[in-house]
Structure formats: C-alpha cells, structure tokens
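Peer 1: The opening position of the sequence shown corresponds to residue 5 in this note's numbering, with each subsequent residue numbered one higher. What follows is a single structure, and I will ask about it in a moment.
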Amino acid sequence: MSSSSSPPAASAAARLDLDGNPIAPLTICMIGAGGFIGSHLCEKLMAETAHVVYAVDVYCDKIRHLVDPAPPHLHGRISFHRLNIKNDSRLEGLIKMADLTINLAAICTPADYNTRPLDTIYSNFIDALPVVKYCSENNKRLIHFSTCEVYGKTIGSFLPTDHPLRKIGGGMDLVQEPEFYVLKEDESPCIFGPIVKQRWSYACAKQLIERLIFAEGAENGLEFTIVRPFNWIGPRMDFIPGVDGPSEGVPRVLACFSNNLLRREPLKLVDGGQSQRTFVYIKDAIEAVHLMIENPARANGQIFNVGNPNNEVTVRQLAEMMTEVYANVSGEPPLDEPMIDVSSKQFYGEGYDDSDKRIPDMTIINKQLGWNPKTPLKDLLETTLTYQHKTYKEAIKRQMSQASASS
Numbered sequence: 005m006s007s008s009s010s011p012p013a014a015s016a017a018a019r020l021d022l023d024g025n026p027i028a029p030l031t032i033c034m035i036g037a038g039g040f041i042g043s044h045l046c047e048k049l050m051a052e053t054a055h056v057v058y059a060v061d062v063y064c065d066k067i068r069h070l071v072d073p074a075p076p077h078l079h080g081r082i083s084f085h086r087l088n089i090k091n092d093s094r095l096e097g098l099i100k101m102a103d104l105t106i107n108l109a110a111i112c113t114p115a116d117y118n119t120r121p122l123d124t125i126y127s128n129f130i131d132a133l134p135v136v137k138y139c140s141e142n143n144k145r146l147i148h149f150s151t152c153e154v155y156g157k158t159i160g161s162f163l164p165t166d167h168p169l170r171k172i173g174g175g176m177d178l179v180q181e182p183e184f185y186v187l188k189e190d191e192s193p194c195i196f197g198p199i200v201k202q203r204w205s206y207a208c209a210k211q212l213i214e215r216l217i218f219a220e221g222a223e224n225g226l227e228f229t230i231v232r233p234f235n236w237i238g239p240r241m242d243f244i245p246g247v248d249g250p251s252e253g254v255p256r257v258l259a260c261f262s263n264n265l266l267r268r269e270p271l272k273l274v275d276g277g278q279s280q281r282t283f284v285y286i287k288d289a290i291e292a293v294h295l296m297i298e299n300p301a302r303a304n305g306q307i308f309n310v311g312n313p314n315n316e317v318t319v320r321q322l323a324e325m326m327t328e329v330y331a332n333v334s335g336e337p338p339l340d341e342p343m344i345d346v347s348s349k350q351f352y353g354e355g356y357d358d359s360d361k362r363i364p365d366m367t368i369i370n371k372q373l374g375w376n377p378k379t380p381l382k383d384l385l386e387t388t389l390t391y392q393h394k395t396y397k398e399a400i401k402r403q404m405s406q407a408s409a410s411s
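Structure representation (structure tokens):
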C-alpha cells in the first residue's frame, strides 16, 4: 500500500531511483525507530522524501522532536507506536499496512553479551522471528539490520605467531595480506569462539536470523536486504551511564570513552586496546540505507557491508584521537595519565572474547548502489564529541557535585 499523503515541499518534484524510475511514496514500518540509527533515518526520510513512517519502539526520546507531537509540516507523515515486538498483536497489522518493514531492534552492547546472554539471544533471534514471518506471509519487503559481528574472528587471527605473513610493528601483531582479514559478504566465513565464550551469543543469534531470512527468500520468495553495520558513529549514539542510561551500564567503545572524557577519568583500554576497528559517520551510513529503501531492484536479495575501511584504527589509537579532539572541543587539557589498561575479564567479566580486526570489503554496495563513505575519522569524532560535550557536560557536573555533597 503506497501512501497518498502530500509530499514535503522539498520533494515536490518527481525523484528518480538509480535506474531513472520515479520513486513512489512508501509506507514504512520502522521497528526500533527510537534508537540511534532509527532517529537519524527518520530525520532523513522526513526531510528528503515523501515516505510515511510508522515509528515502532518502546521509547521515543531520540525522535520526540518528530512525534511528540509531530510538527505541522509532518502531519500524517510519521506516527509513533509504542509497543514491544515480543508480545504485541498490533505488530502484524502495522506490517500489513506498510510496503516495507525495517527491523532495527536489538540488544547490541558487548557488555550484555556476557552478562545477559539469554536476553541477547532472545532479542536478536527469537524476537525477530515474528517480523520475518509476517513479512514473508504478507509479501512485504524487509530490510533487516544485522551486524559485522557475524564475521567473528578473521582467518588471519588463526595463523601461528611465527607465520611469515605476520609482522610485528609498533607493539602490534599484524597480518598483512588482505585476503586474511578483509570481510566479504559472499565469501568470508563466519568464525566464532567456543561456546563457553558467551561474548559470541550476539553474533551467533544475528547469524542465525540472517540464515532464516535468506532461507525465506529462497523458499518462499521473501524480498529482503540484510545490512551489516561496521561501527556507525555520531550524535545520539548509545547512552552516557547515569545520565540517560543505567549507572552500571557499559555502552560501546566510543560512548565509553566519551563518558570517561566527560567525567575527566582515564580511558580504559581493554587488553591494551590492540583490537582494530573501522568507524563510519552515521549520516554517511544513513545515505546507504536511503539508497536501499528506494532501489529495491538493486538491493533485494543482497547482504551489504556498510562501513568505512579508510577509517581503520586500533582502539588505543581511537582513544588517543578522542583525547586530543575532546581537549580542543571542551577547552580542557587532557589528564596527565589519559589512559589505563584493564583486562577484558575485569571490564566485561568471565567469558569475554574478541575479534582482532574488522575491515569491510565495499565491492558489493559500491557496485549495486554506488555508495562510498565520505567522512574522515577525525571529522566524525569532532562532530560526535561536540554533541556529547554540549548535551551531557552540565548534567554530569551536576551529578558529580551531588555525589560529592552526599558522600
């Protein structure tokens, strides 16, 4: 069902897809619309398209400016539906009324993989089953958000330490040949650690739902696209513990480091911060999703890596860059000892494991959608840390002074 709502003024002229066809307005059921990615995607769709969004989530804090209430110019374009997909019969009705469902719902913070493995598996596999089922049974297109974690460990990580392809440099043990670490959607194996390492509960659940979606496509004709994000970064990412999230919560690495910087605490480097990661700016990544939404002929049946291989750093290098950028943003000098090393057992608890390196191959998304990321790492860190400082610094000062007064 396509919406008959009037397009925004900015989109009054007919817009064309990558093959030159007019883009018809869609009705989109977006599950997890109130989160980091969903909030940016909602903003993009409202600003640049005539699509209608059913924003489904249990919270709307990050999209409150769009839905509570919707501004007059967005009337009829976006509506918030507060429901939990685990147990709400309204979900199927919303999917039936939409042309496209985008599923962003997940537990996706590494600390939870160890401490809440059952919740992690249920959230990322069991709770996603009805979404896939309703889309398949009602012939509705699905864009499902997976994770780069499905790749697990690189082939290179299993090479013996004395293997000639390993090179020691700068205190790091590096595998130099790209075929041993660049991750390809249609070729790379998904290699996880042993069952006792519960850190892999998330990756395994995500891989299994991918396999189910792929099977629904093969056997029942489900039109699907699977997205594998590689560390999307930007404003509204995760939470700051004790401010807009639980005090004992442990968000992902960039939000963890932001929290340390805001509180003038040393940044904690897990196992020396030697893991290597790539980071992509949220607005670049949302542009890729926008292309998937509006180019189904090119996106259906595809799995897409969405990341920026040019923004590769070790976690230690990330900490150094963030310390420097935050000093410029805040005007506060760095601490004398800006970083400390902690073990993964101390930080995450028993059963933690990690992947050494995650570098996305970009061939498929570039060929199908012509997408390439644009924003250098330093620029995206400056944008993100400026937002974090502006949004959280005063709240943290108040919180710390109250804690000091009560002690």
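Cβ coordinates follow ideal geometry from the N, Cα and C atoms, glycine included.
For the beta strand (DSSP E) containing V56, name the first residue and the last one.
Peer 2: Start and end: V56 to D61.
Peer 1: By how many angstroms is the C-alpha of V329 removed from the C-alpha of V136?
Peer 2: Straight-line Cα distance between these residues: approximately 42 Å.
Peer 1: Between T124 and Y206, is the Cβ-Cβ spacing less than 7 Å?
Peer 2: The answer is yes: Cβ separation under 7 Å.
Peer 1: C33 bridges to which residues according to DSSP?
Peer 2: Answer is Y58 and T105.
Peer 1: Please determine if the segment 97-116 and the segment 136-149 are in contact, where contact requires at least 3 C-beta pairs separated by less than 8 Å.
Peer 2: Taking 8 Å as the limit for Cβ pairs, the verdict is that the segment 136-149 does touch the segment 97-116.
Peer 1: Can you name, in chain order, every residue of its own chain whose Cβ lies under 7 Å from the Cβ of I172, other than the five neighbours on each side?
Peer 2: Note that I172 has pLDDT 48, beneath the 50 cutoff, so the model's placement of it is unreliable and the number below is only indicative. Contacts found: none.
Peer 1: Would you give the residue range spanned by the alpha helix (DSSP H) that V257 belongs to?
Peer 2: Per DSSP, V257 belongs to the alpha helix (DSSP H) from V257 to L266.
Peer 1: Is it right to say M176 is buried, meaning 16 or more other beta carbons lie within 10 angstroms of its own, or is it exposed?
Peer 2: A caution first: M176 carries a pLDDT of 42, below 50, which makes its placement in the model unreliable, though a value can still be read off. It counts as exposed.
Peer 1: Could you name the residues of the same chain whose beta carbon sits closer than 8 Å to that of G174, not counting the 5 residues immediately before and after it, in chain order?
Peer 2: Because G174 carries a pLDDT of 41, less than 50, the predicted location of this residue cannot be relied on, and no value is offered for it.
Peer 1: So, are the CB atoms of A115 and Y352 less than 7 Å apart?
Peer 2: Yes; because the gap between Cβ atoms is below 7 Å, this pair is in contact.
Peer 1: So V231 is in the alpha helix (DSSP H); what residue range does that whole segment cover?
Peer 2: Unbroken run through V231 is the beta strand (DSSP E), F228 to P233; no alpha helix (DSSP H).
Peer 1: Identify the residues that DSSP records as bridge partners of L146: which are they?
Peer 2: Beta-bridge pairing links L146 to T105 and F228.
Peer 1: Which same chain residues, not among the five before or five after H77, have their C-beta less than 6 Å away from its C-beta?
Peer 2: Within the same chain, H77 has no close Cβ partners at all.
Peer 1: Give every residue of the same chain whose Cβ lies closer than 6 Å to the Cβ of G197, excluding the five residues on either side of it in the sequence, and list them in chain order.
Peer 2: Only W204 and D357 meet the Cβ criterion.
Peer 1: To the nearest angstrom, how far is the alpha carbon of P239 from that of M325?
Peer 2: When rounded, the distance between both Cα atoms is 17 Å.
Peer 1: Decide if the segment 334-354 is in contact with the segment 291-302; the criterion is three or more beta carbon pairs, one per stretch, under 8 Å apart.
Peer 2: Cβ pair count under 8 Å is below three, so no.
Peer 1: I need the straight-line Cα distance from N376 to N370, nearest angstrom please.
Peer 2: About 6 Å.
Peer 1: List the whole-angstrom C-beta distance separating I400 from V257, where the pair is believed to meet the contact cut-off of C-beta under 8 Å.
Peer 2: Going by Cβ atoms, the distance from I400 to V257 rounds to 19 Å, so no, they are not a contact pair.
Peer 1: State yes or no: is the C-beta of I237 within less than 7 Å of the C-beta of F184?
Peer 2: No, the Cβ-Cβ distance between I237 and F184 is not below 7 Å.
Peer 1: For R86, which beta-bridge partners are listed by DSSP?
Peer 2: Bridge partners of R86: D61.
Peer 1: Can Q392 and S262 be called in contact, C-beta distance under 7 Å?
Peer 2: Against a cut-off of 7 Å, the Cβ pair of S262 and Q392 comes out as a contact.
Peer 1: In chain order, what residues of the same chain have a beta carbon less than 6 Å from the beta carbon of N304, not counting five sequence neighbours either side?
Peer 2: Cβ within range, chain order: E227.
Peer 1: In terms of residues, what are the limits of the alpha helix (DSSP H) holding K137?
Peer 2: Unbroken alpha helix (DSSP H) run through K137: L133 to E141.
Peer 1: Roughly how many angstroms lie between the CA atoms of N312 and K188, to the nearest whole one?
Peer 2: Answer to the nearest angstrom: the Cα atoms are 14 Å apart.
Peer 1: Rounded to the nearest angstrom, how far is the Cβ of R94 from that of L87, given a contact under 8 Å?
Peer 2: Rounded, the Cβ-Cβ distance is 6 Å, consistent with contact.
Peer 1: Roughly how far, in whole angstroms, is the beta-carbon of G38 from the beta-carbon of D65, given that I think they are within contact range, below 8 Å?
Peer 2: About 7 Å separates the two Cβ atoms, so the contact holds.
Peer 1: Should P29 and A18 be called a contact, given that it needs their Cβ atoms to be closer than 7 Å?
Peer 2: No, these two residues do not count as a Cβ contact at 7 Å.
Peer 1: Taking the alpha carbon of L49 as the point to measure from, which residue in V62, M34 and Y63 has its own alpha carbon closest?
Peer 2: It is M34.
Peer 1: For P143, which option in S43, I199 and D103 has the closest C-alpha, if you only look at C-alpha atoms?
Peer 2: With the sequence shown as reference, residue 143 is identified as Asn, and Pro is not the correct amino acid for it. Among S43, I199 and D103, the Cα nearest to that of N143 is on D103.
Peer 1: In its own chain, which residues sit with a C-beta less than 6 Å from the C-beta of H44, not counting the 5 before and 5 after it?
Peer 2: Answer for H44: I286 and I290, listed in chain order.
Peer 1: Going by C-alpha distance, which of L271, H148, D242 and D190 is nearest L216?
Peer 2: Closest by alpha carbon: H148.
Peer 1: What do you get for N91, buried or exposed, if any count of 16 or more other CB atoms within 10 angstroms of its CB means buried?
Peer 2: N91 is exposed by the Cβ-count criterion.
Peer 1: Excluding the 5 residues flanking K378 on each side, which residues of the same chain have their C-beta closer than 6 Å to its C-beta?
Peer 2: The answer, listed in chain order, is D288.
Peer 1: Determine the contact status of V274 and S348, defining contact as a CB-CB distance below 7 Å.
Peer 2: The answer is yes: Cβ separation under 7 Å.
Peer 1: Just the C-alpha distance for K397 and D383, rounded to the nearest angstrom, thanks.
Peer 2: Going from the Cα of K397 to the Cα of D383 covers about 20 Å.
Peer 1: Alpha carbon to alpha carbon, how far is A59 from E220?
Peer 2: Near 25 Å, if we compare the C-alpha coordinates of E220 and A59.
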